[in-house]
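Asks:
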Amino acid sequence: MAAAAFEEIVEDFEFMEDWEDRYRHVIDLGKAMEPLDEALKVPATKVDGCASQVWLHAAVENGVFRFDGDSDAMIVRGLIAVLRCLYNGLPVQDVAAVDVKAELGRLGLNEHLSAQRSNGLRAMIERVRETAMAQA
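In our numbering, the protein residues as written are 50 to 185.
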């Protein structure tokens, strides 16, 4: 089951007429996200496999998973925001069990991202899952 914040995005997408509106909404989600602290933009948090510069920093507090991220590309910042809505607040042991393909499929992202962006999204998802499993 997806987090409530992700369900809100799904509901928002249902009311949007076309993909351009959805694309803008994803970008707006990224714009609304706080930038990652510059001190956390280090090689250890950089995600390989993305065309853009991407950093993800995760933490677990009282068994609850949370990550923050940033990118130099606005659409990628938006994708990070979507992933944060999907994963943040879950018990760390539940992160790997999320059916990301199905959840993101509800948004139609698979059909509307370029191959390069899709590869970057997969790299970000893999980093989130690896980080959560290492801290579980």
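We put the CB at the ideal spot given by N, CA and C, even for glycine. Owing to the predicted nature of the structure, the values given are computational and were not obtained by experimental measurement.
With a threshold of 16 other CB atoms inside 10 Å of the CB of A108, please say whether the residue is buried or exposed.
Replies: Label assigned to A108: exposed.
Asks: Taking contact to mean 3 or more Cβ pairs, one atom from each stretch, closer than 8 Å, check whether the segment 119–135 and the segment 95–106 are in contact.
Replies: The answer is yes - the segment 95–106 touches the segment 119–135, with three or more Cβ pairs under 8 Å.
Asks: Using C-beta distances below 8 Å, list every residue in its chain close to L139, excluding the 5 sequence neighbours before and after it, in chain order.
Replies: Excluding sequence neighbours, L139 sits near A52, V113, F114 and V147.
Asks: Nearest CA to the CA of A145: which residue from G98, A181 and E57?
Replies: Considering only alpha carbons, the answer is A181.
Asks: Near F62, what residues of its chain come up, given a Cβ to Cβ distance below 6 Å and the 5 sequence neighbours on each side ignored?
Replies: So the list reads R71 and L156, once near-sequence residues are dropped.
Asks: Which residue wins for smallest C-alpha separation from F116, given the options P84, L162 and G169?
Replies: The option with the nearest alpha carbon to F116 is P84.
Asks: Less than 7 Å between the C-beta atoms of G154 and L78, yes or no?
Replies: Not closer than 7 Å, so no.
Asks: Compare the beta carbon distance of M123 and I76 with 7 Å and say whether it is the shorter of the two.
Replies: Going by C-beta atoms, M123 is nearer than 7 Å to I76.
Asks: Which residue or residues does DSSP assign as beta-bridge partners of W104?
Replies: K95 and D119, per the DSSP bridge assignment.
Asks: From the DSSP output, in three-state form, read off I58 for me.
Replies: DSSP places I58 in helix when its eight states are reduced to three.
Asks: Compare the C-alpha of A172 against each of V96, A185 and H74 and name the closest.
Replies: Checking every option, the nearest Cα to that of A172 belongs to V96.
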